[in-house]
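S.K.: When we follow the numbering used here, the leftmost residue of the sequence shown carries the number 84, and every step to the right adds one.
Note that beta-carbon positions come from the ideal geometry of N, C-alpha and C, so glycine has one too.
Here it is, the structure, as structure tokens.
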Amino acid sequence: ISLTSHLVDLNYIAFSKETWDSLSPEQQMTVQRAADAAAAYGRLKQLDKENNLAEFIRSQGVEIYTPDLAAFRKHVQAQYVGSEFAATWPDGVLERINALGN
């Protein structure tokens, strides 16, 4: 098993534009703050579950490998950038995405 740290599963809250626009700015702010707090909590819980699962797997004699994440990222991003889809990306989008992980 390789721990690439490239995905944390999540759920999200979705509103129709009509419903969101029907909320007052204060209500929107309250919903956004609650969603941000729930997302942060959810990420921590998911990472905790992953760590516990990794420890269990190790206890069963399975080796878990932690790859060179910088090399992993470089290789994977080269695949994305070289794809036909990258031609439609807005300028700077990859840099903005990468900044989120720092």
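Less than 8 Å between the CB atoms is what I'm expecting for Y148 and I84, so what's the real figure, rounded?
M.R.: Here residue 148 refers to the residue found at position 65 when the sequence shown is read from its first residue. Here residue 84 refers to the residue found at position 1 when the sequence shown is read from its first residue. Their Cβ separation, rounded to whole angstroms, is 7 Å, which keeps Y148 and I84 in contact under 8 Å.
S.K.: Considering only the beta carbon of each residue, do T87 and F155 sit closer than 7 Å?
M.R.: Along the sequence shown, one-based indexing puts residue 87 at 4. Along the sequence shown, one-based indexing puts residue 155 at 72. Yes, the pair counts as a contact, with Cβ atoms nearer than the cut-off.
S.K.: Note down the Cα distance separating S99 from E146, rounded to an integer number of angstroms.
M.R.: On the sequence shown, position 16 is the one that residue 99 refers to. On the sequence shown, position 63 is the one that residue 146 refers to. Approximately 45 Å, taken between the alpha carbons.
S.K.: Taking only the alpha-carbon atoms, compute the straight-line gap between D119 and T113 and give it to the nearest angstrom.
M.R.: Taking the first residue of the sequence shown as position 1, residue 119 is located at position 36. Taking the first residue of the sequence shown as position 1, residue 113 is located at position 30. Their Cα atoms are separated by approximately 10 Å.
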